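Contents: one structure, followed by commentary.
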Amino acid sequence: MILAELGEAPGEIAVIGLGKSGFAASRLLLRHGYKVYASDAGTSPQIERGVAELRAAGAAVDVGKHDLDRIAHAALVVTSPGVPPDSEALRAARGAHVRVLSETEVGLRALGSGSSYIAVTGTNGKTTTTAMVGHLLRTLGHDALDAGNIGVPVSEVALAGSPPAWLALEMSSFQLHDTPSIAPAVGVLTNLGPDHLDRYESVRDYYADKALLFRNATAASRWVVNDADDAAVAMASRALGRHFHFGRSRLCEMVYERSGSPLEGWLTWRGQKVMRRDEIPLLGDHNVENAMAAALAVIVADDRHAERSGLDRVAQGLRTFEALPHRLERVVEREGVLWINDSKATNPGSTLVAIRAMTRPTILLLGGRHKGEPYTSLAAPLQAIGKAVIAYGEAGPIVQSDLSNTLPVHLLGSDFGEVMSLARRLAEPGDVVLLSPACSSYDMFRNYVERGERFRELALEGGEAA
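When the letters of the sequence shown are read in order and numbered with the numbering used here, they come out as residues 114 to 579.
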(Lines of atoms letter the chains of each structure in order from A and count residues from 1; the text may use other names and numbers.)
(Lines give C-alpha, C1' and ligand atoms only; values in the text may rest on other atoms or scores of the structure.)
Protein backbone atom coordinates (compact mmCIF):
# COMPACT_ATOMS: atom_id res chain seq x y z
CA MET A 1 0.00 0.00 0.00
CA ILE A 2 1.58 3.30 -1.07
CA LEU A 3 -0.58 5.13 1.51
CA ALA A 4 -0.12 2.68 4.35
CA GLU A 5 -1.15 5.18 7.02
CA LEU A 6 -4.74 5.01 5.73
CA GLY A 7 -5.02 1.37 6.77
CA GLU A 8 -6.55 -1.61 5.02
CA ALA A 9 -9.91 0.06 4.23
CA PRO A 10 -8.94 3.65 3.54
CA GLY A 11 -12.18 4.92 2.06
CA GLU A 12 -12.30 7.28 -0.88
CA ILE A 13 -9.41 9.50 -2.03
CA ALA A 14 -10.31 12.80 -3.67
CA VAL A 15 -8.05 14.06 -6.47
CA ILE A 16 -8.39 17.80 -7.14
CA GLY A 17 -7.47 19.13 -10.58
CA LEU A 18 -7.52 17.15 -13.82
CA GLY A 19 -4.48 18.32 -15.68
CA LYS A 20 -1.63 15.91 -16.38
CA SER A 21 -0.85 15.51 -12.68
CA GLY A 22 -4.43 14.84 -11.60
CA PHE A 23 -5.05 12.23 -14.26
CA ALA A 24 -1.75 10.49 -13.52
CA ALA A 25 -2.38 10.45 -9.76
CA SER A 26 -5.92 9.12 -10.28
CA ARG A 27 -4.75 6.29 -12.54
CA LEU A 28 -1.94 5.41 -10.15
CA LEU A 29 -4.28 5.27 -7.14
CA LEU A 30 -6.79 3.16 -9.06
CA ARG A 31 -4.02 0.74 -10.06
CA HIS A 32 -3.13 0.32 -6.38
CA GLY A 33 -6.73 -0.52 -5.52
CA TYR A 34 -7.96 2.76 -4.01
CA LYS A 35 -11.40 4.28 -4.52
CA VAL A 36 -11.03 7.59 -6.34
CA TYR A 37 -13.22 10.66 -6.70
CA ALA A 38 -11.66 13.15 -9.13
CA SER A 39 -12.90 16.63 -9.95
CA ASP A 40 -12.01 19.82 -11.79
CA ALA A 41 -13.74 23.20 -11.69
CA GLY A 42 -13.09 23.72 -15.39
CA THR A 43 -13.69 21.75 -18.52
CA SER A 44 -12.05 21.25 -21.91
CA PRO A 45 -11.96 18.63 -24.67
CA GLN A 46 -8.69 17.31 -23.21
CA ILE A 47 -10.26 16.89 -19.77
CA GLU A 48 -13.31 15.18 -21.22
CA ARG A 49 -11.15 12.61 -23.02
CA GLY A 50 -9.33 11.75 -19.80
CA VAL A 51 -12.55 11.62 -17.79
CA ALA A 52 -13.93 8.83 -19.97
CA GLU A 53 -10.82 6.76 -19.23
CA LEU A 54 -11.05 7.35 -15.48
CA ARG A 55 -14.72 6.44 -15.34
CA ALA A 56 -14.04 3.26 -17.31
CA ALA A 57 -11.39 2.39 -14.71
CA GLY A 58 -13.88 2.83 -11.85
CA ALA A 59 -13.37 6.42 -10.67
CA ALA A 60 -16.17 8.82 -9.84
CA VAL A 61 -15.58 12.09 -11.69
CA ASP A 62 -17.05 15.60 -11.69
CA VAL A 63 -16.15 18.15 -14.36
CA GLY A 64 -17.02 21.83 -14.06
CA LYS A 65 -17.57 21.56 -10.31
CA HIS A 66 -16.33 20.02 -7.06
CA ASP A 67 -18.53 18.05 -4.68
CA LEU A 68 -17.35 19.86 -1.55
CA ASP A 69 -19.21 17.56 0.84
CA ARG A 70 -17.63 14.50 -0.76
CA ILE A 71 -14.19 16.12 -0.52
CA ALA A 72 -14.76 16.99 3.14
CA HIS A 73 -15.54 13.33 3.87
CA ALA A 74 -12.62 11.88 1.88
CA ALA A 75 -9.95 9.80 3.59
CA LEU A 76 -7.29 11.88 1.80
CA VAL A 77 -7.07 14.66 -0.78
CA VAL A 78 -4.43 14.68 -3.54
CA THR A 79 -3.89 18.04 -5.22
CA SER A 80 -2.41 18.99 -8.57
CA PRO A 81 0.21 21.79 -8.65
CA GLY A 82 -2.02 24.14 -10.63
CA VAL A 83 -4.77 24.19 -7.98
CA PRO A 84 -4.56 27.40 -5.91
CA PRO A 85 -4.04 26.77 -2.17
CA ASP A 86 -7.10 28.91 -1.42
CA SER A 87 -9.41 27.12 -3.88
CA GLU A 88 -12.80 26.13 -2.48
CA ALA A 89 -11.98 22.44 -2.85
CA LEU A 90 -8.80 22.65 -0.76
CA ARG A 91 -10.50 24.95 1.75
CA ALA A 92 -13.22 22.32 2.16
CA ALA A 93 -10.60 19.61 2.75
CA ARG A 94 -8.57 21.56 5.29
CA GLY A 95 -11.70 22.85 6.99
CA ALA A 96 -12.72 19.23 7.59
CA HIS A 97 -9.16 18.32 8.72
CA VAL A 98 -8.64 16.04 5.73
CA ARG A 99 -4.97 15.55 4.98
CA VAL A 100 -3.78 17.03 1.67
CA LEU A 101 -0.86 15.53 -0.28
CA SER A 102 0.64 16.56 -3.60
CA GLU A 103 0.57 14.38 -6.69
CA THR A 104 4.38 14.34 -6.39
CA GLU A 105 4.13 12.78 -2.93
CA VAL A 106 1.93 9.98 -4.24
CA GLY A 107 4.31 9.35 -7.13
CA LEU A 108 7.41 9.30 -4.94
CA ARG A 109 5.79 6.83 -2.56
CA ALA A 110 4.89 4.54 -5.46
CA LEU A 111 8.48 4.68 -6.77
CA GLY A 112 9.84 3.93 -3.30
CA SER A 113 13.60 3.43 -3.21
CA GLY A 114 13.70 2.44 -6.87
CA SER A 115 14.80 5.90 -8.04
CA SER A 116 17.23 8.43 -6.61
CA TYR A 117 16.46 12.05 -7.39
CA ILE A 118 18.01 15.47 -7.60
CA ALA A 119 15.35 17.99 -6.54
CA VAL A 120 15.54 21.57 -7.82
CA THR A 121 13.65 24.54 -6.45
CA GLY A 122 14.08 28.31 -6.38
CA THR A 123 12.29 31.37 -7.66
CA ASN A 124 13.90 31.49 -11.11
CA GLY A 125 15.85 29.09 -13.29
CA LYS A 126 14.55 25.87 -11.80
CA THR A 127 13.03 24.47 -15.00
CA THR A 128 16.17 25.06 -17.08
CA THR A 129 18.36 23.76 -14.24
CA THR A 130 16.22 20.63 -13.89
CA ALA A 131 16.36 19.96 -17.63
CA MET A 132 20.13 20.43 -17.54
CA VAL A 133 20.44 18.00 -14.61
CA GLY A 134 18.53 15.33 -16.52
CA HIS A 135 20.53 15.93 -19.68
CA LEU A 136 23.85 15.73 -17.80
CA LEU A 137 22.84 12.52 -16.04
CA ARG A 138 21.98 10.96 -19.38
CA THR A 139 25.23 12.21 -20.91
CA LEU A 140 27.04 10.47 -18.05
CA GLY A 141 25.31 7.23 -19.03
CA HIS A 142 22.55 7.08 -16.41
CA ASP A 143 18.94 6.11 -16.96
CA ALA A 144 17.35 9.43 -16.00
CA LEU A 145 14.04 11.24 -16.53
CA ASP A 146 12.96 14.85 -15.97
CA ALA A 147 9.82 15.06 -13.84
CA GLY A 148 7.73 17.15 -11.48
CA ASN A 149 6.86 20.75 -12.21
CA ILE A 150 8.82 20.54 -15.49
CA GLY A 151 5.78 18.86 -17.05
CA VAL A 152 5.99 15.10 -16.44
CA PRO A 153 4.12 14.08 -13.26
CA VAL A 154 6.00 11.75 -10.92
CA SER A 155 2.87 9.59 -10.80
CA GLU A 156 3.16 9.14 -14.56
CA VAL A 157 6.75 7.94 -14.10
CA ALA A 158 5.52 5.45 -11.49
CA LEU A 159 2.83 4.19 -13.86
CA ALA A 160 5.39 3.40 -16.54
CA GLY A 161 6.61 0.31 -14.72
CA SER A 162 10.38 -0.07 -14.41
CA PRO A 163 11.56 3.06 -12.54
CA PRO A 164 14.52 5.06 -13.84
CA ALA A 165 17.71 5.06 -11.77
CA TRP A 166 17.54 8.86 -11.47
CA LEU A 167 14.95 11.61 -11.59
CA ALA A 168 15.70 15.27 -12.22
CA LEU A 169 12.82 16.65 -10.19
CA GLU A 170 11.57 20.24 -10.38
CA MET A 171 9.67 21.27 -7.25
CA SER A 172 7.50 24.38 -7.03
CA SER A 173 6.68 25.97 -3.68
CA PHE A 174 3.13 24.58 -3.95
CA GLN A 175 4.41 21.05 -4.48
CA LEU A 176 6.86 21.33 -1.59
CA HIS A 177 4.03 22.44 0.72
CA ASP A 178 2.27 19.09 0.36
CA THR A 179 5.19 16.68 -0.18
CA PRO A 180 6.18 15.68 3.37
CA SER A 181 8.52 12.83 2.41
CA ILE A 182 10.79 14.92 0.13
CA ALA A 183 14.34 13.66 0.69
CA PRO A 184 16.53 14.17 -2.38
CA ALA A 185 19.94 12.64 -2.91
CA VAL A 186 20.91 16.19 -3.88
CA GLY A 187 18.80 19.29 -3.33
CA VAL A 188 19.35 22.47 -5.36
CA LEU A 189 18.23 25.98 -4.40
CA THR A 190 18.81 28.23 -7.42
CA ASN A 191 17.86 31.59 -5.86
CA LEU A 192 15.14 33.35 -3.87
CA GLY A 193 13.05 36.40 -4.65
CA PRO A 194 9.45 37.58 -4.22
CA ASP A 195 6.94 35.62 -6.28
CA HIS A 196 3.39 34.25 -6.18
CA LEU A 197 2.24 37.10 -3.96
CA ASP A 198 -1.17 36.60 -5.55
CA ARG A 199 -1.31 33.27 -3.68
CA TYR A 200 0.80 33.94 -0.58
CA GLU A 201 0.06 36.52 2.07
CA SER A 202 3.72 37.49 2.32
CA VAL A 203 7.21 36.77 1.00
CA ARG A 204 7.91 35.07 4.32
CA ASP A 205 5.12 32.55 3.68
CA TYR A 206 6.45 31.88 0.17
CA TYR A 207 9.99 31.36 1.48
CA ALA A 208 8.65 29.04 4.19
CA ASP A 209 7.38 26.67 1.51
CA LYS A 210 10.70 26.82 -0.34
CA ALA A 211 12.47 25.88 2.90
CA LEU A 212 10.50 22.63 2.98
CA LEU A 213 13.03 21.25 0.50
CA PHE A 214 15.23 20.75 3.58
CA ARG A 215 12.54 19.31 5.86
CA ASN A 216 14.05 15.80 5.98
CA ALA A 217 17.74 16.75 5.91
CA THR A 218 20.23 14.30 7.43
CA ALA A 219 23.99 14.20 7.77
CA ALA A 220 24.09 12.32 4.45
CA SER A 221 22.18 15.02 2.54
CA ARG A 222 23.90 17.09 -0.14
CA TRP A 223 22.79 20.63 -0.93
CA VAL A 224 23.74 22.91 -3.84
CA VAL A 225 23.20 26.63 -3.30
CA ASN A 226 23.80 29.90 -5.15
CA ASP A 227 26.61 31.63 -3.26
CA ALA A 228 25.57 35.05 -4.60
CA ASP A 229 22.10 34.81 -3.08
CA ASP A 230 22.29 35.67 0.63
CA ALA A 231 18.72 34.59 1.32
CA ALA A 232 19.28 31.20 -0.29
CA VAL A 233 22.56 30.65 1.57
CA ALA A 234 20.92 31.59 4.87
CA MET A 235 17.98 29.26 4.26
CA ALA A 236 20.16 26.28 3.36
CA SER A 237 22.70 26.87 6.13
CA ARG A 238 20.28 25.58 8.76
CA ALA A 239 20.00 22.15 7.10
CA LEU A 240 22.01 19.09 8.08
CA GLY A 241 24.31 17.62 5.43
CA ARG A 242 27.12 18.65 3.12
CA HIS A 243 26.84 22.05 1.45
CA PHE A 244 28.23 22.97 -1.97
CA HIS A 245 28.18 26.43 -3.53
CA PHE A 246 28.39 27.85 -7.04
CA GLY A 247 29.25 31.41 -7.99
CA ARG A 248 32.21 33.68 -8.67
CA SER A 249 33.94 33.45 -5.30
CA ARG A 250 37.07 31.30 -5.30
CA LEU A 251 35.69 29.71 -2.13
CA CYS A 252 32.91 28.00 -4.11
CA GLU A 253 33.26 24.46 -5.39
CA MET A 254 31.93 25.49 -8.83
CA VAL A 255 33.23 28.85 -10.02
CA TYR A 256 32.68 31.04 -13.05
CA GLU A 257 36.04 32.74 -13.53
CA ARG A 258 35.00 35.57 -15.82
CA SER A 259 37.54 37.55 -17.81
CA GLY A 260 37.13 40.20 -20.48
CA SER A 261 33.82 40.18 -22.35
CA PRO A 262 30.66 38.49 -20.99
CA LEU A 263 31.37 35.39 -23.10
CA GLU A 264 34.92 34.91 -21.87
CA GLY A 265 36.08 32.93 -18.86
CA TRP A 266 35.96 29.40 -17.48
CA LEU A 267 33.75 27.19 -15.34
CA THR A 268 35.92 25.37 -12.83
CA TRP A 269 35.34 22.60 -10.29
CA ARG A 270 37.64 22.89 -7.27
CA GLY A 271 40.26 24.58 -9.44
CA GLN A 272 39.97 22.18 -12.39
CA LYS A 273 38.84 23.72 -15.66
CA VAL A 274 35.59 22.17 -16.87
CA MET A 275 34.69 24.30 -19.92
CA ARG A 276 34.79 27.78 -21.42
CA ARG A 277 31.82 30.11 -20.96
CA ASP A 278 31.44 30.60 -24.71
CA GLU A 279 30.78 26.87 -25.09
CA ILE A 280 27.46 27.18 -23.21
CA PRO A 281 24.91 27.75 -26.00
CA LEU A 282 22.51 29.90 -23.95
CA LEU A 283 21.90 33.63 -23.56
CA GLY A 284 22.64 35.52 -20.36
CA ASP A 285 24.70 35.22 -17.19
CA HIS A 286 21.70 33.72 -15.40
CA ASN A 287 22.07 30.66 -17.64
CA VAL A 288 25.70 30.40 -16.55
CA GLU A 289 24.35 30.15 -12.99
CA ASN A 290 21.85 27.50 -14.11
CA ALA A 291 24.67 25.55 -15.79
CA MET A 292 26.84 25.76 -12.68
CA ALA A 293 23.96 24.64 -10.44
CA ALA A 294 23.18 21.64 -12.65
CA ALA A 295 26.81 20.65 -13.14
CA LEU A 296 27.58 20.91 -9.43
CA ALA A 297 24.50 18.88 -8.47
CA VAL A 298 25.43 16.08 -10.85
CA ILE A 299 29.11 16.09 -9.87
CA VAL A 300 28.36 15.74 -6.13
CA ALA A 301 25.67 13.10 -6.75
CA ASP A 302 28.32 10.46 -7.49
CA ASP A 303 32.05 10.62 -6.65
CA ARG A 304 32.87 9.13 -10.05
CA HIS A 305 31.46 12.22 -11.74
CA ALA A 306 34.23 14.32 -10.16
CA GLU A 307 36.93 12.30 -11.94
CA ARG A 308 38.45 13.88 -15.04
CA SER A 309 36.44 11.65 -17.36
CA GLY A 310 33.25 12.61 -15.54
CA LEU A 311 34.03 16.32 -15.73
CA ASP A 312 34.66 15.98 -19.46
CA ARG A 313 31.25 14.36 -19.92
CA VAL A 314 29.61 17.10 -17.87
CA ALA A 315 31.19 19.65 -20.21
CA GLN A 316 30.00 17.67 -23.21
CA GLY A 317 26.47 17.67 -21.79
CA LEU A 318 26.45 21.43 -21.26
CA ARG A 319 27.74 22.02 -24.80
CA THR A 320 24.91 19.96 -26.29
CA PHE A 321 22.09 21.31 -24.12
CA GLU A 322 19.46 23.21 -26.11
CA ALA A 323 17.43 26.13 -24.77
CA LEU A 324 13.96 25.11 -23.64
CA PRO A 325 10.93 26.52 -25.42
CA HIS A 326 9.57 29.76 -23.96
CA ARG A 327 12.81 30.52 -22.07
CA LEU A 328 14.82 33.15 -23.97
CA GLU A 329 14.04 31.15 -27.10
CA ARG A 330 15.26 32.75 -30.33
CA VAL A 331 12.23 32.48 -32.62
CA VAL A 332 13.22 34.36 -35.77
CA GLU A 333 15.40 37.21 -37.02
CA ARG A 334 13.84 38.97 -39.97
CA GLU A 335 14.67 42.35 -41.54
CA GLY A 336 17.23 42.87 -38.81
CA VAL A 337 14.77 42.38 -35.93
CA LEU A 338 15.26 39.47 -33.51
CA TRP A 339 12.12 38.04 -31.86
CA ILE A 340 12.71 36.25 -28.52
CA ASN A 341 10.11 34.17 -26.66
CA ASP A 342 10.56 34.25 -22.87
CA SER A 343 6.92 33.48 -22.00
CA LYS A 344 8.02 31.40 -18.97
CA ALA A 345 9.10 34.65 -17.26
CA THR A 346 6.07 35.01 -15.01
CA ASN A 347 7.54 37.36 -12.38
CA PRO A 348 9.65 40.54 -12.47
CA GLY A 349 12.75 38.67 -11.28
CA SER A 350 12.67 36.41 -14.34
CA THR A 351 12.10 39.38 -16.64
CA LEU A 352 14.98 41.23 -14.99
CA VAL A 353 17.48 38.51 -15.94
CA ALA A 354 16.05 38.43 -19.48
CA ILE A 355 16.55 42.18 -19.89
CA ARG A 356 20.11 41.88 -18.57
CA ALA A 357 20.81 39.24 -21.22
CA MET A 358 19.94 41.65 -24.05
CA THR A 359 22.70 43.42 -25.99
CA ARG A 360 20.53 45.30 -28.53
CA PRO A 361 17.78 47.96 -28.23
CA THR A 362 14.81 46.08 -26.84
CA ILE A 363 11.04 46.42 -27.20
CA LEU A 364 9.62 44.61 -24.17
CA LEU A 365 6.17 42.99 -24.17
CA LEU A 366 5.10 43.14 -20.54
CA GLY A 367 1.75 42.17 -19.07
CA GLY A 368 -0.86 39.57 -18.23
CA ARG A 369 -2.33 38.83 -14.82
CA HIS A 370 -0.63 40.76 -12.02
CA LYS A 371 0.96 38.59 -9.29
CA GLY A 372 1.39 41.24 -6.63
CA GLU A 373 4.97 42.46 -7.15
CA PRO A 374 5.74 45.93 -8.60
CA TYR A 375 7.60 46.33 -11.89
CA THR A 376 9.82 49.18 -10.73
CA SER A 377 12.81 46.82 -10.38
CA LEU A 378 12.92 46.71 -14.20
CA ALA A 379 13.40 50.49 -14.56
CA ALA A 380 17.19 50.71 -14.26
CA PRO A 381 18.09 47.95 -16.76
CA LEU A 382 15.42 49.22 -19.16
CA GLN A 383 17.02 52.64 -19.11
CA ALA A 384 20.22 51.03 -20.34
CA ILE A 385 18.83 48.80 -23.11
CA GLY A 386 15.09 49.42 -23.49
CA LYS A 387 13.55 51.19 -26.47
CA ALA A 388 9.88 50.85 -25.50
CA VAL A 389 7.50 48.80 -23.37
CA ILE A 390 4.18 47.50 -24.66
CA ALA A 391 1.97 47.00 -21.59
CA TYR A 392 -1.07 44.77 -22.07
CA GLY A 393 -3.63 42.62 -20.28
CA GLU A 394 -4.97 43.07 -16.77
CA ALA A 395 -1.59 44.28 -15.47
CA GLY A 396 -1.16 46.85 -18.25
CA PRO A 397 -2.19 49.94 -16.23
CA ILE A 398 0.06 48.91 -13.32
CA VAL A 399 3.00 48.41 -15.70
CA GLN A 400 2.36 51.83 -17.22
CA SER A 401 2.20 53.47 -13.79
CA ASP A 402 5.43 51.79 -12.63
CA LEU A 403 7.53 52.39 -15.75
CA SER A 404 6.17 55.41 -17.63
CA ASN A 405 8.84 57.68 -16.17
CA THR A 406 11.57 55.35 -17.46
CA LEU A 407 10.88 55.03 -21.22
CA PRO A 408 7.89 55.12 -23.58
CA VAL A 409 5.12 52.77 -22.40
CA HIS A 410 2.36 51.91 -24.88
CA LEU A 411 -0.79 50.72 -23.12
CA LEU A 412 -2.96 48.20 -24.97
CA GLY A 413 -5.79 45.89 -23.96
CA SER A 414 -6.10 42.11 -24.17
CA ASP A 415 -5.78 41.57 -27.93
CA PHE A 416 -2.40 39.89 -28.36
CA GLY A 417 -2.55 40.36 -32.12
CA GLU A 418 -2.62 44.14 -31.54
CA VAL A 419 0.35 43.82 -29.19
CA MET A 420 2.40 42.05 -31.86
CA SER A 421 1.30 44.45 -34.59
CA LEU A 422 2.46 47.44 -32.55
CA ALA A 423 5.77 45.71 -31.80
CA ARG A 424 6.29 45.16 -35.52
CA ARG A 425 5.62 48.85 -36.25
CA LEU A 426 7.99 50.04 -33.51
CA ALA A 427 10.86 47.66 -34.32
CA GLU A 428 13.75 48.76 -36.55
CA PRO A 429 16.77 46.83 -37.87
CA GLY A 430 19.09 46.02 -34.97
CA ASP A 431 16.25 45.81 -32.41
CA VAL A 432 14.98 42.92 -30.30
CA VAL A 433 11.31 42.24 -29.60
CA LEU A 434 11.27 40.39 -26.27
CA LEU A 435 8.22 38.68 -24.82
CA SER A 436 9.12 38.48 -21.13
CA PRO A 437 5.79 39.25 -19.45
CA ALA A 438 6.63 39.24 -15.69
CA CYS A 439 3.00 38.11 -15.19
CA SER A 440 0.95 34.96 -15.31
CA SER A 441 -0.93 34.26 -18.52
CA TYR A 442 -4.34 33.41 -17.15
CA ASP A 443 -6.16 36.61 -18.13
CA MET A 444 -5.68 35.89 -21.86
CA PHE A 445 -4.29 32.34 -22.23
CA ARG A 446 -4.64 28.94 -20.57
CA ASN A 447 -0.96 28.91 -19.61
CA TYR A 448 2.45 30.36 -20.48
CA VAL A 449 2.94 27.70 -23.17
CA GLU A 450 -0.11 28.84 -25.13
CA ARG A 451 1.06 32.44 -24.77
CA GLY A 452 4.53 31.60 -26.06
CA GLU A 453 3.17 29.57 -28.97
CA ARG A 454 0.92 32.46 -29.99
CA PHE A 455 3.95 34.79 -29.90
CA ARG A 456 5.90 32.31 -32.03
CA GLU A 457 3.05 31.96 -34.51
CA LEU A 458 2.69 35.72 -34.99
CA ALA A 459 6.46 36.37 -35.05
CA LEU A 460 6.94 33.72 -37.73
CA GLU A 461 4.29 35.08 -40.08
CA GLY A 462 6.16 35.42 -43.33
CA GLY A 463 9.46 34.15 -41.98
CA GLU A 464 11.38 31.03 -40.90
CA ALA A 465 12.49 29.96 -37.44
CA ALA A 466 15.91 31.05 -36.17
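Glycine included, each C-beta is placed from N, C-alpha and C at the ideal position. Quantities reported herein were computed from a predicted structural model and do not represent experimental measurements.
DSSP has residue i in a bridge; who is on the other side?
| i | result |
| --- | --- |
| A151 | V128 and V174 |
| S229 | W279 |
| M388 | L380 |
| M367 | F359 and W382 |
| D259 | A281 |
| A504 | L479 and L524 |
| R335 | V299 and R355 |
| L325 | BP columns for L325 are empty, so no partner. |
| S215 | T192 |
| G499 | T475 |
| L545 | Note that residue 545 is Val in the sequence shown, not Leu. Note: V545 sits in a beta bridge opposite L451 and T475. |
Taking only three categories from DSSP, how would you classify residue i?
| i | result |
| --- | --- |
| N454 | strand |
| Y555 | coil |
| R113 | Nothing in the structure corresponds to residue 113, since the chain is present only between 114 and 579. |
| F434 | coil |
| E570 | helix |
| M533 | helix |
| D291 | coil |
| N400 | helix |
| R162 | helix |
| L562 | Strictly speaking, residue 562 in this sequence is Val, with Leu absent from that position. Looking at V562 - three-state DSSP - the assignment turns out to be helix. |
| T242 | helix |
| T464 | helix |
| T234 | strand |
Under the rule that 16 or more other beta-carbon atoms within 10 Å means buried, what is residue i, buried or exposed?
| i | result |
| --- | --- |
| D425 | exposed |
| G485 | exposed |
| T217 | buried |
| A333 | exposed |
| N237 | buried |
| H210 | exposed |
| E435 | exposed |
| S226 | exposed |
| S315 | exposed |
| L258 | buried |
| M533 | buried |
| Q288 | buried |
| N518 | exposed |
Whose C-alpha, out of the options, is nearest the C-alpha of residue i?
| i | options | result |
| --- | --- | --- |
| Y488 | T475, A504 and P474 | A504 |
| L396 | R355, H358, E370 and L441 | L441 |
| G610 | R389, G384 and T381 | Past the boundaries of the shown model lies residue 610; the chain is included only from 114 to 579, so the question cannot be answered. |
| E402 | L214, N339 and R538 | N339 |
| Q159 | F136, L477 and G120 | F136 |
| F327 | A232, C552 and V445 | A232 |
| I453 | E161, A536, D416 and A324 | A536 |
| S514 | S490, L280 and A122 | S490 |
| N262 | A205, V196, M367 and R317 | V196 |
| T414 | A185, S229 and R168 | A small fix is needed here, since residue 414 is Ala in this sequence, not Thr. Among A185, S229 and R168, the Cα nearest to that of A414 is on S229. |
Can you round the beta-carbon distance between residue i and residue j to whole angstroms, since I take them to be within the 8 Å contact cut?
| i | j | result |
| --- | --- | --- |
| R361 | R351 | The pair is not a contact, with the Cβ atoms about 24 Å apart (cut-off 8 Å). |
| A404 | I393 | 5 Å |
| S294 | L221 | 6 Å |
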